[in-house]
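204 is the number that my numbering gives to position 202 of the sequence shown; each next residue is one higher, with no gaps.
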Amino acid sequence: MEFALALVVLALVFLIWALTPVRQGYAYTIERFGRFTHTAQPGLNFIMPIFDRVGRKVNMMEQVLDIPGQEIITKDNAMVAVDGVVFFQVLDAAKAAYEVSDLYLSIMNLTTTNLRTVMGSMDLDETLSKRDEINTRLLHVVDDATTPWGVKITRVEIKDIRPPADISNAMARQMKAEREKRANILEAEGSRASEILRAEGQKQSQILEAEGRREAAFRDAEAREREAEAEAKATQMVSQAIASGNAQAINYFIAQKYVEAVSQFATSPNSKTILFPVEATQLIGTLGGIGELARDALERKTGA
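In structure tokens, the structure reads:
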């Protein structure tokens, strides 16, 4: 009875010893007598005690590795300080455990040396303006080199690029000069546009003024033409009346011209005194003729 109980206890101890839990996000390599046999996945795994043991506990989650700052000489012999980060994930736990001695140190040194190679082949301006290109080139190079280790490089990022102080000052002066140049160009273009608009406005004003003068001249000419036509028509009518034997028409015509001449003398700014070259009775007789002409016209209209 006691022996059976001892066997049961021994079996329980053996079972507990054989059951090995694996945490989520990790993978354990199982070795039998020092040789890799299989990989234990997350969960409860059974391994043979004494014969099998856990070799390496490999982190299968995506990890970040900080690349320490270093000084790099660019293609144009400028010294810059650079640091960055590498994101990677182990895809094959067995390769990561047995194909490389120290995975983290190997990835860091591999990234550092390739960073020097990539940035050393570029000018200073390129290293400052083409970070995406540097990240992409590093990603391809490091990922290809770490593929035999069962590792996938997901991202390589340059955190900071620090040129020397004198170069930074020169770049600041260059940027200031460039901005002042653009400001002067914009100011000159604005002045040019303003002058063009002002000239266009003066041109339009002169055109409108000329058109106004032309229109006024046209109206004046038209008015003089109408006045001449009216004068010609009046003269024609008087001539017809004289030809028909109406003597009062000539008296009317002469009296009208006489009155107009006298009024022009009266309105002259240089005239103080008006001397009539004819007798006043002649003017009265003429006015009387006008009155008779008006009476004859009124009688004819009434008789009609």
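C-beta: ideal position from N, C-alpha, C; glycine also.
Exposure label - I32; buried when at least 16 CB within 10 Å: Within the sequence shown, residue 32 is the residue found at index 30, counting from 1. Buried, by the Cβ-count rule.
Determine, using beta carbons only, whether V60 and V92 come nearer to each other than 8 Å. As a working mapping, residue 60 is identified with position 58 in the sequence shown. As a working mapping, residue 92 is identified with position 90 in the sequence shown. The criterion of a C-beta distance shorter than 8 Å is satisfied by V60 and V92.
Mapping the DSSP letters down to three states, classify A83 as helix, strand or coil. Here the question's residue 83 lines up with position 81 in the sequence shown. The answer is strand: DSSP assigns A83 an E or B state.
Rounding to the nearest angstrom, what Cα-Cα distance links T41 and I49 in this structure? Position 39 of the sequence shown holds residue 41. Position 47 of the sequence shown holds residue 49. Distance between the alpha carbons of T41 and I49 is about 11 Å.
Burial state of Y106 (16 or more Cβ within 10 Å): Position 104 of the sequence shown, counting from 1, holds the residue named residue 106. Y106 is exposed by the Cβ-count criterion.
Endpoints, beta strand (DSSP E) assigned at I75: Locating residue 75 in the sequence shown gives position 73, counting from the first residue. Here the beta strand (DSSP E) through I75 covers 65-75.
So, under 8 Å CB-CB, Q43 and V56 are touching, yes? Tell me the CB distance rounded to an integer number of Å. Taking the first residue of the sequence shown as position 1, residue 43 is located at position 41. Taking the first residue of the sequence shown as position 1, residue 56 is located at position 54. So it is not a contact: roughly 13 Å between Cβ atoms.
A282 burial status per 10 Å Cβ neighbour count (16 or more: buried): In the sequence shown, the residue the question calls residue 282 occupies position 280. Note that A282 scores a pLDDT of 46, beneath 50, so its modelled location is shaky; the value from the coordinates is reported in the next line. With fewer than 16 other Cβ atoms inside 10 Å of its own Cβ, A282 counts as exposed.
Expected contact under 8 Å - CB spacing of E101 and G152 to nearest Å: For this step, residue 101 is matched to residue 99 along the sequence shown. For this step, residue 152 is matched to residue 150 along the sequence shown. With 8 Å as the limit, E101 and G152 qualify as a contact, their Cβ atoms being about 7 Å apart.
Nearest neighbour of F35, chosen from V120, D54, A219, I169 [CA to CA]: Mapped onto the sequence shown, residue 35 falls at position 33. Per the Cα distances, D54.
Among all the DSSP beta bridges, which residues are the ones paired with L105? Locating residue 105 in the sequence shown gives position 103, counting from the first residue. DSSP output for L105 lists no bridge partner at all.
For Y28, which residues of its own chain have a beta-carbon under 7 Å away from its beta-carbon, when the five flanking residues on both sides are left out? The residue given as residue 28 occupies position 26 in the sequence shown. Closer than 7 Å at Cβ, skipping near neighbours: P44, K59, V60, N61, M62.
Start and end residues, beta strand (DSSP E) containing I52: In the sequence shown, counting from the first residue as 1, residue 52 sits at position 50. No beta strand (DSSP E) holds I52; DSSP gives it neither H nor E.
Between M334 and E229, what straight-line distance do the alpha-carbon atoms span, to the nearest angstrom? Past the edges of the chain, shown from 3 to 306, lies residue 334, and the structure says nothing about it.
Report yes if the CB atom of I136 is closer than 8 Å to the CB atom of F90, and no otherwise. Your numbering for residue 136 matches position 134 in the sequence shown. Your numbering for residue 90 matches position 88 in the sequence shown. Against a cut-off of 8 Å, the Cβ pair of F90 and I136 comes out as no contact.
Using a threshold of 8 Å, state whether the C-beta atoms of E159 and G71 are closer than that. If you number the sequence shown from 1, residue 159 lands on position 157. If you number the sequence shown from 1, residue 71 lands on position 69. It is not a contact, given that the beta carbons lie outside the stated cut-off.
Kindly indicate the opening and closing residues of the beta strand (DSSP E) around K154. Walking along the sequence shown from the start, residue 154 turns up at place 152. That run of the beta strand (DSSP E) goes 153-164.
F94 classed as buried or exposed, judged by whether at least 16 other C-beta atoms fall within 10 angstroms: Mapped onto the sequence shown, residue 94 falls at position 92. Correcting the residue type first, residue 94 is Asp in the shown sequence and not Phe. Classification for D94: buried.
Closest residue to S131 among R164, P150, S108, V144 (Cα-Cα distance): Residue 131 sits at position 129 when you count from the first residue of the sequence shown. With distances taken between Cα atoms, S131 lies closest to R164.
Please name the residue in P150, A195, E197 whose C-alpha comes closest to that of S108. On the sequence shown, position 106 is the one that residue 108 refers to. S108 has its Cα closest to that of P150, out of P150, A195, E197.
Excluding the 5 residues flanking F5 on each side, which residues of the same chain have their C-beta closer than 8 Å to its C-beta? Taking the first residue of the sequence shown as position 1, residue 5 is located at position 3. Closer than 8 Å at the Cβ level, and outside the excluded window around F5, lies no residue.
Is L14 close to chain D, meaning its C-beta is less than 8 Å from at least one C-beta of that chain? No chain D is present in this structure, which holds just one protein chain.
L126, enclosing alpha helix (DSSP H) - first and last residue: Position 124 of the sequence shown, counting from 1, holds the residue named residue 126. Segment 126-131, the alpha helix (DSSP H) holding L126.
Who does N2 pair with in a DSSP beta bridge? A question about residue 2 goes unanswered here, because the residues of the chain that appear run from 3 up to 306.
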